[in-house]
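K.L.:
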Amino acid sequence: MNSIIFGGLAILSLFVFFNLGKVKASKKQTDRNNRINRFGELNPDNIIEGEADEVNENDKD
Amino acid sequence: MSKHSALNTFGRSANPAFTRGFESNAQTLPLSERMTLDGAVNKTGILLSLCFAGAIVGWNIPALTIPAALIGFILGMVTIFRSKEKAGSTAPLYALSQGIMLGGITLMYENVFDGIAIQAIGLTFGILASLLLCYKSGLIKPTENFRLMLGAAIGGIFILYLVSFIMSFFGGGISLLSPTNSSWASIGISLAIVVVAALSLVLDFDYIEEGAEKGLPKYMEWYGAFSLMVTLVWLYLEILRLLSKIRSR
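Just so you know, the protein sequences line up as chains R and A, in that order. Note that the first sequence covers residues 1 to 61 in our numbering. Note that the second sequence covers residues 1001 to 1249 in our numbering.
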């Protein structure tokens, strides 16, 4: 009985893995700002739009 | 300079530490040479088959357990730190040697606890499938913080095992980690380690998904399958340990 239940679970799980694994993840998973960025591509949401002024040490005084 | 004009003028950073080796290649590779989900899953299937074949050998010749474990460890280190590009040749050998090791270890457990192997196999693949479902549906979302916390937990577990391993040379060892210790504290620690190992699978799924999305080179399919294999071997061993503690009660 033990073997049938756990053996069946293993076969069913492998079937799920080999079918579901080839399907692309949902938009909920892929379209979000806080994804891990492993391969060095810039996240457009992290770029702050705006003007940049040069600041000199002399200007501070 | 305004609104990314610096980027327009100078382009993206040429510092290899920032490009991490893939960004420049991924865009220029032809489609047939890019990593795909299909490829990574099929390669995981090949590695799992080799692992099962190895397990049959290890089950019948238990003397090979320790040499196979050492060879597997060396191959794993080589794949991770030296040659991701050669994962296509090192990962199958890794899976085979780990299979031999797992076969020997499983036989030892099976001699004491009848039927423990099939329970551990069922639970390992059950966790794999359910976490894949959670990941694909977006129920579990791996973030940078998730990765950091998991990294810290894995580091802690590694140090715990290392200390226990060193202590074992002097006749000691951390008793909470022993498979024969059936106290609730010991079971709790084992359960926590199983949870950490299981959550590592989510990072592997995300690695493969992101790699396929960004069109990494084809050999990364092998590397993705290899990293999934490493986590599965770890998870299986921890489940074996947990089940043996529970059944010792």
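Quick reminder that beta carbons are idealized off the backbone N, C-alpha and C, glycines included.
Leaving out five residues before and five after A/Ser-1175 in sequence, what residues of the same chain have Cβ atoms less than 8 angstroms from its Cβ?
P.N.:
By one-based count along the second sequence, residue 1175 of chain A stands at place 175. Within the same chain, A/Ser-1175 has close Cβ partners Asn-1181 and Ser-1186.
K.L.:
Less than 8 angstroms between CB atoms is the rule here; does R/Asn-56 satisfy it with respect to chain A?
P.N.:
One-based indexing of the first sequence puts residue 56 of chain R at position 56. Output row for R/Asn-56: interface = no.
K.L.:
Taking the alpha-carbon of A/Leu-1093 as reference, which of A/Val-1230, A/Leu-1243 and A/Ala-1040 has the nearest alpha-carbon?
P.N.:
Working through the second sequence from its first residue, we reach residue 1093 of chain A at position 93. The option with the nearest alpha carbon to A/Leu-1093 is A/Val-1230.
K.L.:
Roughly how many angstroms lie between the CA atoms of A/Leu-1102 and A/Val-1233, to the nearest whole one?
P.N.:
To locate residue 1102 of chain A, count along the second sequence from 1; it is residue 102. To locate residue 1233 of chain A, count along the second sequence from 1; it is residue 233. Cα to Cα, A/Leu-1102 sits roughly 8 angstroms from A/Val-1233.
K.L.:
In chain R, which residues lie less than 8 angstroms from A/Asp-1204 when you measure between Cβ atoms?
P.N.:
The count along the second sequence starts at 1 and reaches residue 1204 of chain A at position 204. Correct list: empty, because the minimum Cβ distance to chain R is about 11 angstroms.
K.L.:
Taking the alpha-carbon positions, what's the A/Glu-1023 to A/Glu-1144 distance?
P.N.:
As a first step, residue 1023 of chain A is located in the second sequence; it is residue number 23 there, counting from the start. As a first step, residue 1144 of chain A is located in the second sequence; it is residue number 144 there, counting from the start. With a pLDDT of 49 at A/Glu-1023, under the threshold of 50, the modelled position of that residue is not reliable, and the figure given next carries that caveat. Cα to Cα, A/Glu-1023 sits roughly 19 angstroms from A/Glu-1144.
K.L.:
Residues of the region 1212-1233 of chain A with a CB closer than 9 angstroms to any CB of chain R: list them in chain order, please.
P.N.:
Result list: Ala-1212, Glu-1213, Lys-1214 and Leu-1216.
K.L.:
Per the contact definition of three or more C-beta pairs closer than 8 angstroms, is the region 1195-1202 of chain A in contact with the region 1058-1073 of chain A?
P.N.:
Output reads no: the region 1195-1202 of chain A does not touch the region 1058-1073 of chain A.
K.L.:
Check each candidate in R/Ala-10, R/Phe-17 and R/Ile-11 and name the one with the smallest Cα separation from A/Leu-1131.
P.N.:
On the second sequence, position 131 is the one that residue 1131 of chain A refers to. Ranking R/Ala-10, R/Phe-17 and R/Ile-11 by Cα distance to A/Leu-1131 puts R/Phe-17 first.
K.L.:
Just mark A/Asp-1114 as buried or exposed, buried being the case when its beta carbon has 16 or more other beta carbons within 10 Å.
P.N.:
As a working mapping, residue 1114 of chain A is identified with position 114 in the second sequence. So A/Asp-1114 ends up on the exposed side.
K.L.:
Which residue spans inside the region 1095-1154 of chain A form an unbroken beta strand (DSSP E) run of at least 3?
P.N.:
Correct list: empty.
K.L.:
Looking at C-alpha atoms only, which residue of A/Phe-1125, A/Ala-1192, A/Ser-1183 and A/Glu-1209 is the closest neighbour of R/Phe-15?
P.N.:
Position 15 of the first sequence holds residue 15 of chain R. Measuring from the Cα of R/Phe-15, the nearest candidate turns out to be A/Phe-1125.
K.L.:
Any chance the CB of A/Leu-1162 is under 7 angstroms from a heavy atom of the ligand SAM?
P.N.:
Among the components of this structure there are no ligands whatsoever, and the ligand SAM is therefore not found.
K.L.:
How should A/Arg-1241 be labelled, buried or exposed, when 16 other C-beta atoms within 10 angstroms of its C-beta is the threshold for buried?
P.N.:
Position 241 of the second sequence, counted from the first residue, corresponds to residue 1241 of chain A. The residue in question, A/Arg-1241, is buried, as its Cβ has 16 or more Cβ neighbours within 10 Å.
K.L.:
Based on DSSP bridge pairs, tell me the residues matched to A/Pro-1217.
P.N.:
Position 217 of the second sequence, counting from 1, holds the residue named residue 1217 of chain A. A/Arg-1034.
K.L.:
What residues from the region 1121-1145 of chain A come within 7 angstroms of chain R, judged by C-beta to C-beta, listed N to C?
P.N.:
Correct list: Ile-1121, Gly-1122, Phe-1125, Gly-1126, Leu-1128, Ala-1129, Leu-1132, Leu-1133, Tyr-1135, Lys-1136, Ser-1137, Gly-1138, Lys-1141, Pro-1142, Thr-1143 and Glu-1144.
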